[in-house]
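Chains as they are written, first to last, in this note's numbering: chain A, 333 to 550; chain B, 252 to 483. For glycine and all other residues, C-beta sits at the position ideal for the given N, C-alpha and C. One structure is given below, encoded as C-alpha cells.
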Amino acid sequence: MPLTREDIARRIAQEVEDGFVVNLGIGIPTLVANYIPSHKDVMLQSENGLLGVGPFPTANEVDPDLINAGKQTITTVPGSSFFSSADSFAMIRGGHVNLTILGAMEVDEKGNIANWMVPGKLVKGMGGAMDLVASARRVIVAMQHTDKEGNSKLRTKCTLPLTGLGCVNRIVSDFGVIDVGPDGFILKEFAPDLNPSLIKERTEGKLTISPDVKAMTL
Amino acid sequence: MASKVCANAAEALVGVKDGMTFVLGGFGLCGIPENCIAELQKLGVKNLTCVSNNAGVDDFGLGLLLQTRQIKKMISSYVGENALFEKLFMSGELELEFAPQGTLAERMRAGGAGIPAFFTPTGVGTLIAEGKEVREFDGKKYILERGITGDFAFVKAWKGDKFGNLVYRKTARNFNPMAATAGKITVAEVEELVETGSLDPDQIHTPGIYVQKIFQGSNYQKRIEQKTLRKD
Chain A
333 MPLTREDIAR RIAQEVEDGF VVNLGIGIPT LVANYIPSHK DVMLQSENGL
383 LGVGPFPTAN EVDPDLINAG KQTITTVPGS SFFSSADSFA MIRGGHVNLT
433 ILGAMEVDEK GNIANWMVPG KLVKGMGGAM DLVASARRVI VAMQHTDKEG
483 NSKLRTKCTL PLTGLGCVNR IVSDFGVIDV GPDGFILKEF APDLNPSLIK
533 ERTEGKLTIS PDVKAMTL
Chain B
252 MASKVCANAA EALVGVKDGM TFVLGGFGLC GIPENCIAEL QKLGVKNLTC
302 VSNNAGVDDF GLGLLLQTRQ IKKMISSYVG ENALFEKLFM SGELELEFAP
352 QGTLAERMRA GGAGIPAFFT PTGVGTLIAE GKEVREFDGK KYILERGITG
402 DFAFVKAWKG DKFGNLVYRK TARNFNPMAA TAGKITVAEV EELVETGSLD
452 PDQIHTPGIY VQKIFQGSNY QKRIEQKTLR KD
C-alpha cells in the first residue's frame, strides 16, 4: 500500500529540525504541523503575515482577523509576531526561512516544479508559491507519485507551466522519499509495502535507486 | 489643515471615476476595505483596474464588483476562491495579470516608495518572466518588476486617528500597509476612529502622511472563509 496523506505528513515532519522556521503550504503540508514532536522548538511562518502559527482555535477562540495562508482560522504561539506581506516575503525571499514544504502537480528530474496552473482548465494563481520556491534554503515537496490514471507526476520534464526552476531538494510521495540530484531522481526510502524496482517502474523521470535505500520508518 | 475625516465611504470616495486604478489591502476576506468596496458597487463606476491579492468570493469582497461587471482588469496572485472570476476570465470578459504574492506586495511597496522597478528572483524561468528584463547578479538570475501606484488606495485598519495614523490587527494587516503608500489618494476605513494623539506613536503601523481620507466604517461582516476548529 502506498502511504496515506497523514503518513506523508508524518515522514516530512522528521525533516523539521529543532530551531527551524518553516513555511507550510496548503493540503498535506498543513498536516505536517500535527507531527512535529513537541521537544523540537519550531516556528511556523504563514506568508500572509505571521511567524508563530499555533493550533486551530476552539469555538471561543475564533478570530476573523487571525487566519493562515490557507484562509483557515488559527491561533498563535508564545513568541509569535505579526507583520505586513512585504515583510513576510522579505523573510522568504531573503532566505531567512529554513524550510519550505509545499504540494505540486508535477516535479521533474531537474528539480523544476509546477503547481499553479493548468492551461485552459484551472486558473487559480500561484499565491506565494513562486516566491517561496525561488529563494528557500530547502524545498520539500509533498505529493502523490502518480495521478488517478497511474501516470507518473515525477516527470522527465514538467508539462505544466512552471512555478520555479531547479528548486526542489526532496520529494516525499506516497511511494517514498526521493531526492533531486545532479543526475535526476534518487530513491532514498520506499514505503514499507512497496519495493524500489516497482517505484522505478512507476516513475517517468530518470530515477536511480540509492545504494543505501531503505524502508521508510514512520 | 483641512480635515481628513469623512463621515462615511460615500464622502471619502468623492472623485472616484470610471477607468481608474485602485490598490486594495486585504488577504482573502481578511482585512479588506468592506465599506469602500460596497460604495464602489453603489457608485457603479466601470472599467476599473483593481490591484488586490485576491478577488473576494462570489458574493463578498471584490466578488461584488465582478457580479456587476465593474472590473475590467485584476492584478492578483490568487483568485481560486471565486467561481465567477474563473467564468469571466475564461470567457474573456475580464483581464487578469497574475503577480506572485511577494512580488505583488513589493510592487505596491516600491510604487509607494518612489521606486519604479526592482529585480526579484521570483518567477525566473516561468510564464511570469515573459517579456521582462532578466539580469544576473552574483551568478543568479533576476527579473525586473514594476512598482504599482493607483489613483486611489483603499485600506482597512483596526484603529486610526484623525491625522490618519493607522494600527492594524493581527493578520488583517497583510497588504494594507503597502497599499496605503501606493494611492495618489489613500482612503482608510477603520473600526475605531480616535482623537489624534491617543495612539501610541511607537505602535503605529502606517504613519498618517500616507492617508488622505479616513472614516469609521460600519456593519463589518469580517467573514471567515475556512472556519477550522481544534477537536478537543
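Among the residues of chain B, those whose CB is under 8 Å from the CB of glutamate 379 of chain A are Gln352, Gly353, following chain order. Of the residues assessed, phenylalanine 388 of chain B falls on the exposed side of the cut-off, its CB having fewer than 16 other CB atoms within 10 angstroms. Scanning chain B for C-beta atoms nearer than 9 Å to the C-beta of lysine 456 of chain A yields Tyr329, Val330, Gly331, Glu332, Glu337, reported in chain order. DSSP places serine 417 of chain A in the helix class (H, G or I) of the three-state scheme. In the structure shown, serine 529 of chain A adopts helical secondary structure according to DSSP, grouped into three states. Under the three-state reduction of DSSP, proline 361 of chain A is assigned to helix. When B:Lys338, B:Glu346, B:Val265 are compared, the shortest CA-CA separation from aspartate 309 of chain B is found for B:Lys338. Within the segment 431-463 of chain A, Val455, Lys456, Gly457, Met458, Gly459, Gly460, Met462, Asp463 place their CB atoms closer than 7 Å to a CB of chain B, listed in sequence order. By the beta-carbon neighbour count (other beta carbons within 10 angstroms, threshold 16), serine 342 of chain B is exposed. Non-local beta-carbon contacts of threonine 447 of chain B in its own chain, meaning distances under 6 Å to residues more than five positions away in sequence, involve Asp412, Lys413, Phe414 in chain order.
The distance from the Cβ of phenylalanine 349 of chain B to that of glycine 457 of chain A is about 5 Å, consistent with a contact at the 8 Å cut-off.
In the structure shown, glutamate 393 of chain A adopts coil according to DSSP, grouped into three states. Around the beta carbon of tyrosine 471 of chain B, fewer than 16 other beta carbons lie within 10 angstroms, which makes this residue exposed. Straight across, the Cα-Cα distance linking threonine 422 of chain B with alanine 334 of chain B is about 25 Å.
8 Å or more divides the Cβ of cysteine 257 of chain B from the Cβ of phenylalanine 405 of chain B.
At a cut-off of 8 Å, the C-beta of isoleucine 368 of chain A has no neighbouring C-beta in chain B. Asparagine 425 of chain B reaches chain A at Asn380, Gly381, Ser416, Ser417, counting residues in chain order whose Cβ is nearer than 8 Å. Spatial neighbours of threonine 457 of chain B in its own chain (CB-CB distance under 6 Å, excluding positions within 5 residues in sequence) are listed in chain order as Leu417, Pro428, Ala431. Distance from the Cα of alanine 446 of chain A is smallest, within the candidate group A:Glu481, A:Gly411, A:Cys490, for A:Cys490. Close to phenylalanine 340 of chain B, with beta-carbon spacing below 8 Å, are these residues of chain A in chain order: Val455. By the rule that beta-carbons nearer than 8 Å mark a contact, glutamate 346 of chain B does not touch chain A. Per DSSP, reduced to three states, the secondary structure at cysteine 287 of chain B is helical. Here glycine 402 of chain A has Ile358, Thr362 as same chain residues with Cβ atoms under 7 Å from its own Cβ, once five neighbours each way along the sequence are excluded. Separation of isoleucine 399 of chain B and isoleucine 455 of chain B (C-alpha to C-alpha, rounded to the nearest whole angstrom) is 24 Å. Arginine 320 of chain B counts as exposed, since fewer than 16 other C-beta atoms from the protein chains shown sit within 10 angstroms of its C-beta.
When Cβ-Cβ separations below 8 Å define contact, arginine 420 of chain B makes contact with chain A.
Listed in chain order, the positions of the segment 384-403 of chain A with a beta carbon within less than 9 Å of a beta carbon of chain B are Pro387, Phe388, Pro389, Thr390, Ala391, Glu393, Val394, Asp395, Pro396, Asp397, Leu398, Ile399, Asn400, Ala401, Gly402, Lys403.
Looking at the DSSP output, valine 302 of chain B sits in a beta bridge with B:Val274, B:Ile326. Listed in chain order, the positions of the segment 479-507 of chain A with a beta carbon within less than 9 Å of a beta carbon of chain B are Pro493, Leu494, Thr495, Gly496, Leu497, Gly498. In the DSSP annotation of this structure, the continuous segment of the alpha helix (DSSP H) that includes proline 428 of chain B starts and ends at 427-432. Closer than 8 Å to the CB of isoleucine 360 of chain A there is not a single CB belonging to chain B. Against chain A, the CB of leucine 378 of chain B has a partner CB under 8 Å away; the residue lies at that interface. When secondary structure is reduced to three states using DSSP, asparagine 259 of chain B falls in the coil class, being assigned neither helix nor strand.
At a cut-off of 8 Å between beta-carbon atoms, threonine 405 of chain A makes contact with chain B. In the displayed model, serine 412 of chain A falls within a strand according to three-state DSSP.
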